[in-house]
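Below is one structure, written out as structure tokens; the observations come after it.
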Amino acid sequence: MSPLTPRQVPLWHGALWIRQGAYAVLQSPIGWMTSLALWFAFILVCSLFPMLGPVFFSLSLPALFAGMMAGCAAIEQGRSLRIPHLLSGFKSSSRRLFQLGMVNIAGETLLTLVLVLWGGQQMIDLQNLSLDGAENLEQLRAALFSLTPLFITLVLLQVALLMMGWFAPALLRFTTLSTLEALTLSTQGCLVNLPAFLLFTLIMGILLTVATFLSFALPWISGLIGFFIVALIVASVYASYRDVFHEAPPPPITP
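Below, the structure is given as structure tokens:
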């Protein structure tokens with residue numbers, strides 16, 4: 004039984020996580036850029052292998068994310084984020100983090116099976132009707148309506164997977180919890196703080212919209228904007244972890 008218990012935080016802490024995340028990014032901008040550049044390069048390499056690449060990436064994602072959590076802890080302790088932090092997840096808690104990666108793959112497989120087995124033929128029919136234009140408008144509306152339960156189910160499954168994985172990498176990196184305990188606590192932490200997460204999602208959605216417009220208006224800095232947004236999301240996850248699981252201060256981090 005885990006001694007950790009997620010605490011319920013006020014609604015406005017959803018905005019506080021983003022503010023603290025932005026502060027963490029600005030404390031070590033070069034470290035964030037170099038670490039994320041290596042992460043993106045890894046994604047690019049995985050994309051070169053259509054069959055095994057995505058599987059290996061999904062297995063490795065929790066370890067990489069846990070490494071970034073270690074980097075955020077280093078920033079909190081007054082040091083800089085460095086590339087060894089990103090890779091530290093492969094050295095510390097690697098077995099449990101790879102187990103979490105297997106859960107990711109199982110979740111992705113479940114989503115794919117639901118989409119194909121439930122809505123595969125309906126999606127094909129919808130595509131055929133959309134190609135006909137206005138000739139089958141009523142049939143197109145009926146087809147869209149019939150897919151509504153599928154879309155709702157997929158969204159609920161995706162939200163459930165997101166809640167299980169939100170705090171799990173940090174919990175596995177900073178504690179001795181089992182993978183199942185981390186998944187359970189992560190879900191509990193999200194459920195008891197739904198108002199804060201809704202505010203976080205709303206503000207982050209606005210920021211993403213603004214970032215998208217800025218990327219189109221100022222294409223020469225679109226890459227920099229993208230780096231900042233990704234770093235902000237990662238750092239905000241760490242801020243939310245430290246807030247919700249305040250009983251578990253991270254140990255001194257050495258990459």
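Count along the sequence shown from 1, add 3, and you get the number used in the numbering used here.
Backbone N, C-alpha and C fix where the C-beta goes; we use that ideal spot for every residue, glycine too.
These numbers come from a predicted model, not from an experiment.
Residue i versus residue j - alpha carbon distance
{"i": "alanine 77", "j": "serine 38", "result": "14 Å"}
{"i": "histidine 88", "j": "valine 240", "result": "16 Å"}
{"i": "glycine 122", "j": "tyrosine 26", "result": "44 Å"}
{"i": "leucine 116", "j": "alanine 145", "result": "23 Å"}
{"i": "leucine 164", "j": "threonine 151", "result": "20 Å"}
{"i": "leucine 7", "j": "phenylalanine 248", "result": "7 Å"}
{"i": "leucine 160", "j": "leucine 114", "result": "7 Å"}
{"i": "glutamate 79", "j": "isoleucine 33", "result": "16 Å"}
{"i": "glycine 226", "j": "phenylalanine 177", "result": "32 Å"}
{"i": "alanine 171", "j": "phenylalanine 101", "result": "12 Å"}
{"i": "leucine 64", "j": "leucine 202", "result": "26 Å"}
{"i": "isoleucine 21", "j": "isoleucine 206", "result": "8 Å"}
{"i": "leucine 188", "j": "methionine 166", "result": "10 Å"}
{"i": "leucine 67", "j": "asparagine 107", "result": "14 Å"}
{"i": "serine 96", "j": "leucine 186", "result": "15 Å"}
{"i": "isoleucine 224", "j": "serine 218", "result": "7 Å"}
{"i": "phenylalanine 59", "j": "phenylalanine 43", "result": "14 Å"}
{"i": "leucine 211", "j": "leucine 180", "result": "34 Å"}
{"i": "phenylalanine 231", "j": "proline 57", "result": "24 Å"}
{"i": "threonine 215", "j": "threonine 112", "result": "30 Å"}
{"i": "phenylalanine 52", "j": "leucine 118", "result": "24 Å"}
{"i": "valine 233", "j": "leucine 120", "result": "33 Å"}
{"i": "cysteine 49", "j": "valine 195", "result": "36 Å"}
{"i": "threonine 156", "j": "threonine 204", "result": "20 Å"}
{"i": "glycine 209", "j": "leucine 19", "result": "At residue 209 the sequence reads isoleucine, which differs from the glycine that was named. In a straight line, the C-alpha of isoleucine 209 is about 15 Å away from that of leucine 19."}
{"i": "proline 222", "j": "leucine 47", "result": "21 Å"}
{"i": "glycine 229", "j": "valine 213", "result": "12 Å"}
{"i": "valine 158", "j": "threonine 182", "result": "24 Å"}
Cβ neighbour criterion (16 or more within 10 Å) applied to residue i
{"i": "tryptophan 169", "result": "buried"}
{"i": "proline 252", "result": "Model confidence at proline 252 stands at a pLDDT of 46, short of 50, so the residue's coordinates are unreliable and nothing is read from them."}
{"i": "leucine 84", "result": "buried"}
{"i": "methionine 105", "result": "exposed"}
{"i": "tryptophan 35", "result": "buried"}
{"i": "arginine 98", "result": "exposed"}
{"i": "alanine 220", "result": "exposed"}
{"i": "phenylalanine 148", "result": "exposed"}
{"i": "alanine 238", "result": "buried"}
{"i": "serine 61", "result": "buried"}
{"i": "proline 1", "result": "Outside the modelled stretch of the chain, which goes from 4 to 258, sits residue 1, for which no answer is possible."}
{"i": "threonine 190", "result": "buried"}
Nearest to residue i (by Cα), restricted to the options the options
{"i": "glutamate 184", "options": "Pro13, Leu103 and Pro65", "result": "Leu103"}
{"i": "glutamine 23", "options": "Val247, Leu235 and Phe248", "result": "Leu235"}
{"i": "phenylalanine 200", "options": "Val213, Tyr244, Ala220 and Leu227", "result": "Tyr244"}
{"i": "glycine 17", "options": "Ser218, Leu221 and Cys193", "result": "Cys193"}
{"i": "proline 198", "options": "Arg10, Pro9 and Trp15", "result": "Trp15"}
{"i": "alanine 242", "options": "Thr215, Gln30 and Cys75", "result": "Cys75"}
{"i": "alanine 40", "options": "Cys49, Val119, Gly81 and Ile86", "result": "Ile86"}
{"i": "glycine 81", "options": "Ser50, Ser31 and Leu153", "result": "Ser31"}
{"i": "lysine 94", "options": "Val195, Leu175, Thr204 and Ile209", "result": "Leu175"}
{"i": "leucine 90", "options": "Phe45, Pro222 and Val195", "result": "Phe45"}
CB-CB length for residue i against residue j, believed under 8 Å
{"i": "alanine 173", "j": "methionine 72", "result": "4 Å"}
{"i": "alanine 12", "j": "aspartate 246", "result": "The residue you asked about is not alanine; residue 12 is valine in the sequence shown. Between aspartate 246 and valine 12 the Cβ distance is about 6 Å, and since that is below 8 Å, they are a contact."}
{"i": "glycine 92", "j": "glycine 110", "result": "Glycine 92 to glycine 110, Cβ: 19 Å. No contact."}
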